[in-house]
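Taking it in order: structure first as C-alpha cells, then the write-up.
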Amino acid sequence: VPKTGEVVTAVFGFAQMLLKVINDVQGSCYAVAFDTKAPTFRHKMTETYKAQRPPTPPDLVDQFGRVKQLVETFNIPIYEFDGFEADDVIGTLSRQASEQGMDTLIVTGDNDSMQLVSPTVKVLYPKKSFSDTQIFDEVAVKEKFGVEPKQVADYKALVGDTSDNIKGVRGIGEKTAVKLLQQFGSIEGIYEHLNEVTPPRIQT
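Each residue of the sequence shown is one higher than the one before, starting from 3 at the first, in our numbering.
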C-alpha cells in the first residue's frame with residue numbers, strides 16, 4: 003500500500019479501543035455518537051461554556067471522517083444531532099434501551115456519564131488509558147464521588163467542572179458538596195433548607 007502521508011494516529015487508537023470493546027464486551031448491538039460542529043443548547047445558555055478550550059487541532063479534525071468510515075465498516079449505526087453533544091445522545095439511547103429492558107454499557111472517557119448509571123446502565127471508564135479500564139455500577143459511582151449517580155450533576159454544579167468551564171459555588175469543595183447532598187439530597191433540597199446549611203458562610 004503506498005504511503006500518503008495522511009495522519010491516522012487517532013483512527014488507529016479508536017480502532018484499538020473499538021476492537022477491545024467488541025472482543026471483551028461482546029454486546030448484542032452497538033451504537034456510536036459524535037458531536038457536531040453546531041453550537042449546543044448549553045453554548046446558547048452561557049457564552050462561557052467550554053470557552054477555555056483551545057480549538058481542536060487540524061490533524062485531529064481531519065481524522066474524524068476516517069473514524070466514521072471505520073465505524074460504518076463495522077456496520078455500527080452513528081448518531082449525531084445539531085444542538086446536542088454526543089453525551090446527550092448517549093444518554094437518550096441508554097434511556098430508550100432501559101425502557102425496552104436492555105442492559106447498556108457506555109464506553110467513554112467523560113465522567114459526566116456517571117450520572118446515567120442505573121440498575122441497567124453501567125459505564126466503562128479508563129483509568130489511565132483504554133487498555134486499563136473500570137466498569138462503574140451504582141456502588142462504584144458512590145465510592146468515587148461519595149454521592150448517588152442521580153446526584154452527580156448537582157455535585158458537579160456545586161464543586162465546578164474545569165473541563166467544561168463551570169465555576170461551581172464559591173466556598174464549596176468536594177467534601178462539603180458530598181456532605182450537603184447526603185444531607186439534603188439535591189440543590190433544590192439545599193435551597194429549601196438554606197438556613198440549616200453549615201458553615202453559615204455558604205448560605206450567602
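Ideal Cβ positions, reconstructed from N, Cα and C, are used throughout, including at glycine.
Between Ala-35 and Val-91, the C-beta spacing is below 8 Å. Straight-line measurement puts the Cα of Gly-7 at about 48 Å from the Cα of Val-149. With respect to the 8 Å criterion, Thr-94 and Asp-105 are not classified as neighbours on the basis of their beta carbons.
For Val-161, the enclosing alpha helix (DSSP H) starts and ends at 154-161.
Within its own chain, no residue has a Cβ closer than 8 Å to the Cβ of Thr-200 once the five positions on either side in sequence are excluded. Here DSSP, grouped into helix, strand and coil, assigns Ala-35 to strand.
Sorting Phe-147, Ala-12, Val-27 and Pro-151 by C-alpha distance to the C-alpha of Thr-178 places Phe-147 at the top.
DSSP places Phe-16 in the uninterrupted alpha helix (DSSP H) bounded by 11-27. Residue pairing by DSSP places Lys-124 opposite Leu-107 in a beta bridge. Restricting attention to Gln-98, Ile-137, Ser-96 and Ser-100, the CA atom closest to the CA of Gly-111 is found in Ile-137. DSSP, read as helix, strand or coil, puts Lys-181 in helix. Residue state for Phe-86 is assigned as coil, using DSSP reduced to three classes. Exposure of Lys-169 is indicated by the presence of fewer than 16 other C-beta atoms within 10 angstroms of its C-beta. According to the DSSP assignment, Ile-189 belongs to the alpha helix (DSSP H) that extends over 189-194. Beta bridge pairing from DSSP links Ile-174 with no other residue. Of all alpha-carbon atoms in Ile-192, Asn-25, Asp-89 and Val-180, the one lying nearest the alpha-carbon of Arg-44 is that of Asp-89. In this structure, Leu-183 lies away from Asp-166, with their beta-carbon atoms at least 8 Å apart.
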